[in-house]
Amino acid sequence: MHNNTNVLAKALDASWLKSEAISNNIANVDTPGYKRSDVVFESYLQQALDSKGRIKQGSLSRVSPKVIKDNTNLSYRIDGNNVDIDTEMAYMAQNQIKYNTLISQVNYNFNRLKMVLDR
1044 MHNNTNVLAK
1054 ALDASWLKSE
1064 AISNNIANVD
1074 TPGYKRSDVV
1084 FESYLQQALD
1094 SKGRIKQGSL
1104 SRVSPKVIKD
1114 NTNLSYRIDG
1124 NNVDIDTEMA
1134 YMAQNQIKYN
1144 TLISQVNYNF
1154 NRLKMVLDR
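Counting in this note's numbering, the final residue of the sequence shown is number 1162, and the numbers go up one at a time with none missing.
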């Protein structure tokens, strides 16, 4: 459970950071030249897994979410801003669901631990 709890903690950190990035994107929707930010985490976590889906020894400490700038310009805007408010709102909803699911899993793990300790 220790490893599972550590992974959940890292995932919660990543989700929180993603929420901040999305909020920042939304706040800058009208800023000329602003490029949206995103958070990369899942690919780093995937690299830390072995072929059986377990965390490789010592690799979890190197897994951290990172904020990146999205320089793709798929927008039709002429001011260079690549933030689409509808897309950001969808990302925010998706991230909120992920965060709530992670919190539920952490609560479940601690309730199981509490149940064992109360015996």
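By construction, the Cβ of each residue, glycine as well, lies at the ideal position given by its N, Cα and C atoms.
Rounded separation between residue i and residue j - CA only
i: residue 1150; j: residue 1137; result: 20 Å
i: residue 1126; j: residue 1157; result: 45 Å
i: residue 1100; j: residue 1134; result: 32 Å
i: residue 1087; j: residue 1075; result: 32 Å
i: residue 1122; j: residue 1062; result: 25 Å
i: residue 1071; j: residue 1113; result: 14 Å
i: residue 1148; j: residue 1159; result: 17 Å
i: residue 1142; j: residue 1051; result: 10 Å
i: residue 1098; j: residue 1078; result: 34 Å
i: residue 1096; j: residue 1161; result: 32 Å
Reduced DSSP secondary structure (H/G/I, E/B, other) of residue i
i: residue 1066; result: helix
i: residue 1082; result: strand
i: residue 1092; result: strand
i: residue 1061; result: helix
i: residue 1121; result: coil
i: residue 1099; result: coil
i: residue 1056; result: helix
i: residue 1071; result: coil
Proximal residues to residue i (C-beta, below 7 Å), its chain only, five neighbours per side dropped
i: residue 1064; result: 1080, 1081, 1082, 1110
Test item: CB-CB of residue i and residue j under 8 Å
i: residue 1092; j: residue 1049; result: no
i: residue 1046; j: residue 1152; result: no
i: residue 1117; j: residue 1058; result: no
Same chain, Cβ closer than 8 Å to residue i, five either side skipped, listed in chain order
i: residue 1132; result: 1069
i: residue 1053; result: 1084, 1088, 1103, 1106, 1107, 1108
First and last residue of the uninterrupted alpha helix (DSSP H) at residue i
i: residue 1128; result: 1128 to 1161
Neighbourhood of residue i by C-beta, 6 Å cutoff - its chain only, sequence neighbours within 5 removed
i: residue 1055; result: 1145
i: residue 1128; result: 1072
Delimiting residues of the beta strand (DSSP E) encompassing residue i
i: residue 1174; result: The structure shown does not extend to residue 1174, since the chain is modelled only from 1044 through 1162, so no value can be given for it.
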